[in-house]
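Participant: Per this note's numbering, the sequence shown starts with residue 1, numbered consecutively.
I am attaching a structure below and will ask some questions about it afterwards.
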Amino acid sequence: EETSSSMSAKEDFSYDISGYESKEELFNADDIYVSTEKIAVHHSAIKTRNIITAIKFYGLLGFKLERKYLLPDGARAAWMSHNNNNSTGQRLEFIEIPSSKLDETPNSRIKAM
1 EETSSSMSAK EDFSYDISGY ESKEELFNAD DIYVSTEKIA VHHSAIKTRN
51 IITAIKFYGL LGFKLERKYL LPDGARAAWM SHNNNNSTGQ RLEFIEIPSS
101 KLDETPNSRI KAM
């Protein structure tokens, strides 16, 4: 079995900083892996009590409805997108959760908007 001490810093992301004299030396070290790949968010999912209200609200913010559909359990869902300056923009997925399924008690943390 391989231990973390025998793994490289690139593999386990834990670094022994005791050998470095300064933060600058640590961050300029050749053994630290820095990705140059771009990361993008595909979409954000939002639970809602009322999908129609959510669609209307996000429509006011410039989001356009892509499609509405039913999930296998009968819950209503929708996709909306917002394209900014011809870029990919942001996509939102809404899933309507009926209040009866949220199992919220008074003064508890809200589980859906």
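Using N, Cα and C, we set each Cβ at its ideal position, and we do this for glycine too.
Grab me the residues of His82's own chain with a C-beta within less than 6 Å of its C-beta, minus the 5 sequence neighbours each way, in chain order.
Facilitator: Gly62, Phe63, Gly89 and Gln90, listed in sequence order.
Participant: Quick check: the Cα distance between Tyr69 and Ala78, rounded to an integer number of angstroms?
Facilitator: 6 Å
Participant: So, helix, strand or coil for Thr105, using DSSP?
Facilitator: Coil, per DSSP.
Participant: Given a cut-off of 8 Å, decide if Lys47 and Ile95 are closer than it, judged by their beta-carbon atoms.
Facilitator: yes
Participant: Exposed or buried, Ala54, counting other C-beta atoms within 10 Å across all chains shown (16 or more means buried)?
Facilitator: Burial state of Ala54 is buried, judged by a 10 Å Cβ sphere holding 16 or more other Cβ atoms.
Participant: Between Ile97 and Arg67, is the Cβ-Cβ spacing less than 8 Å?
Facilitator: no
Participant: How would you call Leu92, buried or exposed, if buried means at least 16 neighbouring beta carbons within 10 angstroms?
Facilitator: buried
Participant: Going by alpha carbons, who is nearest to His42 out of Asn107, Met80, Pro106 and Ser99?
Facilitator: Looking at the Cα atoms, Met80 is the closest of the given residues.
Participant: For Ile39 and Lys101, I'd like the C-alpha separation in whole angstroms.
Facilitator: So the alpha carbons of these two residues sit roughly 35 Å apart.
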